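The next block holds one structure in the form of structure tokens; read it before the comments.
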Amino acid sequence: IKYPEIKNIQPIIHESIKLKVRRHLLILKLAALLIFIVALARPQSGQRSEDVETKGIDIMLALDSSYSMKTEDFKTCQVPATTFCTFNVDVFPFNNVHIRKAFNYAINRAQIVRNITQLNEEPALGIIPPVLKKNRGKAQFFQDADIETARFHFKKGLEELNLTEAEFPRIKYLYATSEAHHKIAQALQQQWFATLGITIELENVDKKILLHLLKTRNYQAAQSFWMAQYNDTMNILERFKYKENVKNYPNWENEEYVKLLNLSCEARTDEERFALLDQAEEIFLDEMAIAPIFHWNSAYIAKPYVKSFGIAPIGNGFFDRVYIDSETKTQLR
Numbered sequence: 048i049k050y051p052e053i054k055n056i057q058p059i060i061h062e063s064i065k066l067k068v069r070r071h072l073l074i075l076k077l078a079a080l081l082i083f084i085v086a087l088a089r090p091q092s093g094q095r096s097e098d099v100e101t102k103g104i105d106i107m108l109a110l111d112s113s114y115s116m117k118t119e120d121f122k123t124c125q126v127p128a129t130t131f132c133t134f135n136v137d138v139f140p141f142n143n144v145h146i147r148k149a150f151n152y153a154i155n156r157a158q159i160v161r162n163i164t165q166l167n168e169e170p171a172l173g174i175i176p177p178v179l180k181k182n183r184g185k186a187q188f189f190q191d192a193d194i195e196t197a198r199f200h201f202k203k204g205l206e207e208l209n210l211t212e213a214e215f216p217r218i219k220y221l222y223a224t225s226e227a228h229h230k231i232a233q234a235l236q237q238q239w240f241a242t243l244g245i246t247i248e249l250e251n252v253d254k255k256i257l258l259h260l261l262k263t264r265n266y267q268a269a270q271s272f273w274m275a276q277y278n279d280t281m282n283i284l285e286r287f288k289y290k291e292n293v294k295n296y297p298n299w300e301n302e303e304y305v306k307l308l309n310l311s312c313e314a315r316t317d318e319e320r321f322a323l324l325d326q327a328e329e330i331f332l333d334e335m336a337i338a339p340i341f342h343w344n345s346a347y348i349a350k351p352y353v354k355s356f357g358i359a360p361i362g363n364g365f366f367d368r369v370y371i372d373s374e375t376k377t378q379l380r
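If you use the working numbering, the sequence shown closes out at 380, no skipped numbers anywhere.
Written out as structure tokens, the structure reads:
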């Protein structure tokens, strides 16, 4: 048997070796730079920022607002992540859309961002983080802290449920154990009581337990967050397409919403696609299966002598071309 001659295998091997060498050199280069990265899980970490020194550190990621007092190198950028309150639409009283709307409109997001998170985050008046919309489409679907509208929907919901204000039940609100989550939950508890007169029972649970309760739909209302895994609005919208999706915590589904998402996949232009996705988002927020609270900013420190460092659209750091400008570093000493 005569086999065909295999050509050009050597150059392919050479290129493969070169690629591996370049990768190893990159790793060695990064190690030689002595770049120390401290990743503080936000907001689950219990470590206080004041317990971490910044001296001798070139880059630090995922910081909280207290670092702004420590160094002029403190920076923030938008990331595709959102903290929100989710309602179980199959559980009383959140099976009533007016009750869900009342809870949503009663939230003062600007107050939470100003007094608690303090990273100049954008109050979430839609479910899609602005960095995913790329300045296209609708940014605001409702008004923040709309007290009058909240009370209107609460009254409407009580009528439909045949309840008086005195008969409205205590609500158990779940959130993950952390100082940041606790402060946000407390703020919501106070705001809902002040506007609607509702008693909220706060319960903090381990994040793994909370995730299990959300996935099994074993809750009334809960605080959670999402982070986009890829740089597109569909990353958020698709989770609410079908009830079977474990990430569809409200257990919400809408036929017209599904239709719009499917049509967006056939759109011929970006403008047409964004318009269809905006319509889908509007349907979702009209039924208020979740109440978005704020879209995240990520804070980091990058010293002036660190060059070619950047933040990716989904919030990761770019390190492949980063280097230290020794001359600039010497001048800053």
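Virtual Cβ for every residue (Gly too), placed ideally from N, Cα, C. This one's a predicted model, so the numbers in the text were calculated from it and none came from an experiment.
- When the Cα atoms are used, residue 353 and residue 183 turn out to be separated by approximately 32 angstroms.
- Around the CB of residue 326, 16 or more other CB atoms lie within 10 Å, so the residue is classed as buried.
- Shortest Cα-Cα distance from residue 260 to any of 293, 321 and 287 involves 293.
- The Cβ-Cβ distance between residue 178 and residue 221 does not fall below 8 angstroms.
- Put simply, the stretch 335 to 344 touches the stretch 126 to 139. At least three CB pairs are less than 8 angstroms apart.
- Taking C-beta atoms as the reference points, residue 174 and residue 283 count as a pair closer than 8 angstroms.
- Judged by their CB atoms, residue 135 and residue 297 are nearer to each other than the 8 angstroms cut-off.
- Residue pairing by DSSP places residue 130 opposite 272 and 341 in a beta bridge.
- Taking a cut-off of 8 angstroms for Cβ pairs, the stretch 159 to 168 and the stretch 298 to 308 do not touch, as fewer than three such pairs fall below it.
- Residue environment: residue 105 is assigned as buried (16 or more neighbouring CB atoms within 10 Å of its CB, all protein chains considered).
- Straight through space, the alpha carbons of residue 224 and residue 333 are spaced by roughly 30 angstroms.
- In the DSSP secondary-structure assignment, residue 124 is bridged to 345.
- In this structure residue 219 touches residue 250 by the C-beta definition: roughly 6 angstroms separates them, less than 8 angstroms.
- Rounded to the nearest whole angstrom, the C-alpha separation of residue 369 and residue 228 is 34 angstroms.
- Residue 245 has no beta-bridge partner at all, per DSSP.
- Taking C-beta atoms as the reference points, residue 299 and residue 336 count as a pair closer than 8 angstroms.
- By the beta-carbon neighbour count (other beta carbons within 10 angstroms, threshold 16), residue 241 is exposed.
- For residue 209, the closest C-alpha among the options 271, 146 and 170 is that of 146.
- DSSP places residue 250 within a strand segment (E or B) once states are collapsed to three.
- The shortest CA-to-CA distance from residue 171 to any of 204, 346, 328 and 195 is the one to 328.
- Secondary-structure assignment with DSSP links residue 219 through a beta bridge to 248.
- As a beta-bridge residue in DSSP terms, residue 170 pairs with 341.
- Excluding five sequence positions before and after residue 203, the CB atoms of its chain that fall closer than 6 angstroms to its own CB belong to 145, given in chain order.
- Taking C-beta atoms under 8 angstroms as the contact rule, residue 191 and residue 156 qualify, at a distance of about 5 angstroms.
- About 15 angstroms separates the CB atoms of residue 205 and residue 196; that is not less than 8 angstroms, and the two are not in contact.
- If you draw a straight line from the Cα of residue 234 to the Cα of residue 159, it is about 7 angstroms long.
- Boundaries of the alpha helix (DSSP H) around residue 326: 317 to 334.
- When beta bridges are read from the DSSP output, residue 371 appears opposite 353.
- When 262, 377, 238 and 176 are compared, the shortest CA-CA separation from residue 193 is found for 238.
- If you draw a straight line from the Cα of residue 236 to the Cα of residue 266, it comes to about 17 angstroms.
- Ranked by Cα distance from residue 245, the first of 258, 255 and 198 is 198.
- The distance from the Cβ of residue 331 to that of residue 287 is about 6 angstroms, consistent with a contact at the 8 angstroms cut-off.
- With a minimum length of 4 residues, the unbroken runs of alpha helix (DSSP H) contained wholly in the stretch 174 to 233 fall at 177 to 180 and 194 to 208.
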